[in-house]
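To start, the structure itself, in structure tokens.
Below you can see the structure in the form of structure tokens.
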């Protein structure tokens, strides 16, 4: 696989609004270590994308909590695409769990909620505000909220939603990956 810095990319394990995430293994022979590497879709040198990426990098660098993925390193590829080297968290997504097992027992759900609120408290202690806006019945790109957020890169509402075009075939027109 492709080598980035000291790491050899193994497989793509995720995708988000800003880029793709790969499982990678340390390739310099110093020691064995698996990580996750997030690579931006576009060149991150200046402008809005660069601002967002730098902000995400700094937020991750400032957060240290057992339920927040840690940032290990960062850099840029020769073509200008930026990357983050992060802890690799093994497991499955909440969506996968719910699809396969249904709702968790109350004790499990409360334990997960406690972990989540602990992570949020750590972010809040660093002055970071986390906004989660679930609009479960408005996943259409025709909804006014989404249309306004995507109207222009200069729109004051551009941060309302991180867009990724749908892949066709009836899938959602945004970056949701859920069971809804």
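In our numbering, the protein residues as written are 12 to 191.
Quick reminder that beta carbons are idealized off the backbone N, C-alpha and C, glycines included.
Quantities reported herein were computed from a predicted structural model and do not represent experimental measurements.
In the three-state DSSP reduction, residue 104 falls in the coil class, being neither helix nor strand. Contact between residue 69 and residue 50 is ruled out by a C-beta separation of about 18 Å, above the 8 Å threshold.
Inter-residue distance for residue 57 and residue 86 is about 15 Å (C-alpha atoms, whole angstroms).
Contact annotation: residue 18 and residue 24 have beta-carbon atoms that are not nearer than 9 Å. Rounded to the nearest whole angstrom, the C-alpha separation of residue 119 and residue 46 is 27 Å. Rounded to whole angstroms, the gap between the alpha carbons of residue 72 and residue 106 is 27 Å.
Per DSSP, residue 41 is not a residue of any beta strand (DSSP E), being assigned neither H nor E.
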